[in-house]
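Engineer: Sending over a structure as C-alpha cells; questions will come in a sec.
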Amino acid sequence: MKKLTLSVLFILQSLWSLAQTEEQLIQHCIQRYLVGTSYSMPDSISSAFYTEANLFLSSKDKPVWIMPAADYAKLFKKEDEGKFNGRIGRIVSIDIYNDIATAKAEILIPERKLEFMDIFLLKKISGEWKIISKAA
C-alpha cells in the first residue's frame, strides 16, 4: 500500500511539474509580446506570434478591426527600439488544455489614461507556444 501511495504521489508531482513548465513557456511567449510592445521591439512582438495570426481590435470606424500580426508589429517603430513608451503590461491568467491555451494580459497606458484587456489564444506548434489570435 505504501508503494502504491508513493507511486501515485510521484505521478501527481510529475504531472504538476509538467504543467508548471508549460505555463512558464506560455508566460515566456506572452512576455516577449509585452516587452516588445512596451519597448518598441517589433522583432520580439513578431516572435511571439504564429506567422498567420490575426488580431481582433477595437476601432471607432468598425465593430471589429482585423489586423495581421506582422502589420501590428510594424506599428512599433524600430528607431524607438529599447525606449520605454509608457505601455505597461502584466499577465492576469493562463489556462492550458493539452496543446492549446488562453491567456489574459492587462495593458495600461497611464499617460493617455487607457486600459485594455488583451485576450490571447495560443497553440503549441512544433514544440513552441505561439499566439495564434489576440482580441483587445
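Heads up: the sequence shown runs through residues -19 to 116, numbered per the numbering used here.
Yeah, the Cβ is synthetic: ideal placement off N, Cα and C, and Gly gets one too.
(1) What are the uninterrupted segments assigned as beta strand (DSSP E) that are 3 or more residues long and contained completely in the stretch 40 to 87, given in chain order?
(2) So for Ile99, helix, strand or coil by DSSP?
(3) Measuring CB atoms only, is the stretch 5 to 15 touching the stretch 28 to 46, in the sense that at least three cross pairs come out at less than 8 Å?
(4) Grab the span of the beta strand (DSSP E) containing Ser113 for me, first residue to last.
(5) Between the alpha carbons of Lys114 and Leu101, how many angstroms are there, rounded?
(6) Which residue marks the beginning of the alpha helix (DSSP H) containing Pro90, and which one marks its end?
(7) With DSSP as the reference, label Tyr13 as helix, strand or coil.
(8) For the putative contact between Pro22 and Phe56, defined by C-beta atoms under 8 Å, what is the C-beta separation to the nearest angstrom?
(9) Let me check understanding here. Comparing Cα to Cα, which of Glu32, Val72, Gln4 lies closest to Ile99?
(10) Per DSSP, what are the beta-bridge partners of Leu35 in this structure?
(11) Would you kindly report the start and end of the unbroken alpha helix (DSSP H) that includes Ser27?
(12) Take Glu61 and list the residues in its own chain whose beta-carbon comes closer than 6 Å to its own, dropping the five residues that flank it on each side.
(13) When you compare the CB positions of Asn34 and Pro48, do they come within less than 8 Å of one another, or not?
(14) On the criterion of 16 or more Cβ atoms from any shown chain inside 10 Å, does Thr17 qualify as buried, or is it exposed?
Structural biologist: In this structure, then:
(1) 45 to 48, 68 to 77
(2) strand
(3) yes
(4) Here the beta strand (DSSP E) through Ser113 covers 108 to 115.
(5) 6 Å
(6) Counting along the chain, Pro90 falls outside any alpha helix (DSSP H), and DSSP gives it neither H nor E.
(7) Assigned with DSSP and collapsed to three states, Tyr13 falls in helix.
(8) 5 Å
(9) Of the listed residues, the one whose Cα sits closest to Ile99 is Val72.
(10) Met47, Lys114
(11) 22 to 28
(12) Setting aside the 5 residues that flank it on each side, Glu61 is surrounded in the same chain by Ser20, Met21, each with a C-beta closer than 6 Å to its C-beta; the list follows chain order.
(13) yes
(14) buried
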